[in-house]
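Participant:
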Ligand SMILES: Nc1nc2c(ncn2[C@@H]2O[C@H](COP(=O)(O)OP(=O)(O)O)[C@@H](O)[C@H]2O)c(=O)[nH]1
Ligand SMILES: [Mg+2]
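In our numbering, the protein residues as written are 29 to 478.
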């Protein structure tokens, strides 16, 4: 996702990091590299201008010249400017939507044809039902295409959401009002209205939406845009933004978007934050959008919180919490804990997707890490720990050469494998210690060294 933008900006950051001190000259060079990176990522020109001006103003300010580590300071500036451009720090509820209203809460989805409105309606229903305890009903206002109504009905069945049948002869407003009445009679508390799109912008569509909006007063009016539309998305977003009081944006097909230009442009153009990213055709492919975390991810600082969330969904929460508590209390992280972590990693599978969120440089190093989380390698590490006594797991420093040899042969491996595991464990211990002292920031700084 956004690989092109990400690798270009990471390269700029790397180059700056290498400089001991920043001068006005090398700041100017870095800023013009940033500009080029944004243009190549297909970011809208006015956004490029604002972004570059923001970076330059902050970089030239005393802030960076006086700082002890100008390279780090420049990366921080890039990060903050990215986060601001992607959406600023407006507080968004965990669910990604403002649903605190008298039910039924109505969510209207609008956008061009083929951008993923119908798919997103089902994804949202699944998200709200599975993670936030809502009961969702879907209704289709796409009266021109019977296939579109059927598509939504099938998706509703798949995600276990309610569905209000559409009378293709009725007006869009009448269908919506009927759906609202049906939902009032049901136990559902959220109604998602999927609308028709056109392949191109046209006034008739915008008029229909405007009227619909006025009649049903949705709580959330979300503009759905295809991430790969690049600069085109900007004009469409502006037109929808002018026609409808949008409350947010959902950027679909981010999984296939190497450039990232729409993500950076759409907030500025519509004035509304991205709320979700569509990240695949399957119905679980929806991510809540956090500007700050996305900025870190683009710069290769990792999305550690996103990672934690994802892992939480996949591993045993209790065990993770016990470990977190133990670490927080400063009770060390012994080899028995490591074995548990490794076991969970082996259970998780699909580690490749998680790699995206780790603060790693690309290329070779990423490949090496992918190798390290190879399930067979994890199995070997667990075998080593299994060959130790409980006392040795607790106090690995007590291991001498002959014990290491015995453990290695017990696990069917070489002494080097045992040493490598011990070293890795030491590094993790160090990292957790730093985490205790410095919180999340310390962890972020610790991870790239792993
Ligand atoms: N890769 C990918 N495909 C998507 C995503 N969202 C939707 N699609 C696909 O885009 C196509 C059009 O989606 P649809 O929901 O029918 O668009 P609509 O015309 O706006 O309702 C379908 O083939 C979807 O599977 C996404 O986030 N990632
Ligand atoms: Mg549709």
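Built from N, CA and C at the ideal position, the CB exists for glycine as well.
Quantities reported herein were computed from a predicted structural model and do not represent experimental measurements.
Since residue 274 and residue 295 are thought to touch, with beta carbons under 8 Å apart, how far apart are those beta carbons, to the nearest angstrom?
Facilitator: That belief does not hold up - the Cβ atoms of residue 274 and residue 295 are roughly 11 Å apart, past 8 Å.
Participant: Examine ligand 2 and report whether any of its heavy atoms sits within less than 6 Å of the Cβ of residue 194.
Facilitator: Outside the cutoff, so no.
Participant: What is the residue span of the alpha helix (DSSP H) that residue 298 lies within?
Facilitator: Residues 289 to 298.
Participant: Compute the distance between the beta-carbons of residue 287 and residue 70, then report whether it is under 7 Å.
Facilitator: A contact, by the Cβ cut-off of 7 Å.
Participant: When the distance is taken between beta carbons, is residue 183 closer than 7 Å to residue 150?
Facilitator: Result yes, Cβ atoms of residue 150 and residue 183 sit closer than 7 Å.
Participant: When the Cα atoms are used, what is the spatial distance from residue 141 to residue 316?
Facilitator: Distance between the alpha carbons of residue 141 and residue 316 is about 23 Å.
Participant: Quick one: is the Cβ of residue 260 within less than 6 Å of any heavy atom of ligand 1?
Facilitator: No - ligand 1 has no heavy atom lying nearer than 6 Å to the Cβ of residue 260.
Participant: Are there any heavy atoms of ligand 2 lying less than 6 Å away from the beta-carbon of residue 176, as far as the coordinates show?
Facilitator: The answer is yes for residue 176.
Participant: Heavy atom of ligand 1 less than 6 Å from the Cβ of residue 283, yes or no?
Facilitator: Within the cutoff, so yes.
Participant: List the endpoints of the continuous alpha helix (DSSP H) containing residue 213.
Facilitator: Counting along the chain, the alpha helix (DSSP H) containing residue 213 begins and ends at 200 to 213.
Participant: Do residue 110 and residue 323 have their beta-carbon atoms positioned less than 7 Å apart in this structure?
Facilitator: For residue 323 and residue 110, yes; Cβs fall inside 7 Å.
Participant: For residue 317, which three-state DSSP category applies?
Facilitator: The answer is coil: DSSP assigns residue 317 none of H, G, I, E or B.
Participant: Of the choices 455, 169, 424, 320, whose alpha-carbon is the least far from that of residue 364?
Facilitator: Of the candidates 455, 169, 424, 320, the one whose C-alpha sits nearest the C-alpha of residue 364 is 424.
Participant: Keeping to the same chain, check which residues put their C-beta closer than 6 Å to that of residue 163; ignore five residues upstream and five downstream.
Facilitator: 215, 216, 217.
Participant: Please classify residue 152: is it buried, with 16 or more other beta-carbons within 10 angstroms of its beta-carbon, or exposed?
Facilitator: Buried: at least 16 other Cβ atoms inside 10 Å.
Participant: Ends of the beta strand (DSSP E) at residue 280?
Facilitator: 276 to 280 is the span of the beta strand (DSSP E), which, as asked, contains residue 280.
Participant: Just verifying my parser: in three-state terms, what is the DSSP assignment at residue 222?
Facilitator: Residue state, collapsed to three classes: strand.
Participant: Does the distance from the C-beta atom of residue 408 to that of residue 124 stay below 7 Å?
Facilitator: Their beta carbons are not under 7 Å apart, which means residue 408 does not touch residue 124 by this criterion.
Participant: Going by DSSP, name the residue or residues bridged to residue 253.
Facilitator: BP columns for residue 253 point to 279.
Participant: Taking 6 Å as the cut-off, is the beta-carbon of residue 146 closer than that to any non-hydrogen atom of ligand 2?
Facilitator: Flag set: Cβ of residue 146 near ligand 2.
Participant: Is the Cβ-Cβ distance between residue 200 and residue 180 less than 7 Å?
Facilitator: Their beta carbons are not under 7 Å apart, which means residue 200 does not touch residue 180 by this criterion.
Participant: So residue 138 is in the alpha helix (DSSP H); what residue range does that whole segment cover?
Facilitator: It is not in any alpha helix (DSSP H) - residue 138 instead sits in the beta strand (DSSP E) that spans 133 to 138.
Participant: With DSSP run on the structure shown, which of helix, strand or coil describes residue 377?
Facilitator: Note that residue 377 scores 49 on pLDDT, short of 50, meaning its location in the model is unreliable; the coordinates nonetheless yield the value given after this. Residue state, collapsed to three classes: coil.
Participant: Please list the segments of the alpha helix (DSSP H) lying wholly inside the stretch 108 to 164, counting only runs of 4 or more residues, in order along the chain.
Facilitator: Taking only runs of at least 4 residues, the alpha helix (DSSP H) segments lying wholly in the stretch 108 to 164 are 145 to 160.
Participant: For the beta strand (DSSP E) that contains residue 190, what are its first and last residues?
Facilitator: 190 to 192 is the extent of the beta strand (DSSP E) around residue 190.
Participant: Count the other CB atoms within 10 Å of the CB of residue 255; is the residue buried (16 or more) or exposed (fewer)?
Facilitator: Classification of residue 255: buried, given that the 10 Å Cβ count is 16 or more.
Participant: Could you check which residue in 266, 271, 313 has the C-alpha nearest to that of residue 280?
Facilitator: Closest option to residue 280, Cα to Cα, is 313.
Participant: Short of 7 Å in beta carbon distance, which residues of its chain neighbour residue 156, apart from the five on each side in sequence? Order them along the chain.
Facilitator: Closer than 7 Å at the Cβ level, and outside the excluded window around residue 156, lie 123, 162, 164, 218.
Participant: Does the distance from the CB of residue 40 to the CB of residue 57 come in under 7 Å?
Facilitator: The answer is no: Cβ separation not under 7 Å.
Participant: With DSSP collapsed to three states, give me the class of residue 248.
Facilitator: It is a strand residue.
Participant: Evaluate contact between the stretch 241 to 248 and the stretch 114 to 121, counting only Cβ atoms and requiring at least three cross-stretch pairs below 8 Å.
Facilitator: No, the stretch 241 to 248 is not in contact with the stretch 114 to 121.
Participant: By Cβ distance below 7 Å, which residues in the same chain neighbour residue 362 in space, the five residues on each side in sequence not counted?
Facilitator: Cβ neighbours of residue 362 beyond the five flanking positions: 421, 422.
Participant: Can you name the start and end residues of the beta strand (DSSP E) that residue 438 belongs to?
Facilitator: Here residue 438 belongs to no beta strand (DSSP E); instead the alpha helix (DSSP H) covers 429 to 438.
Participant: Compute the distance between the beta-carbons of residue 224 and residue 172, then report whether it is under 7 Å.
Facilitator: Cβ distance < 7 Å, so residue 224 and residue 172 count as in contact.
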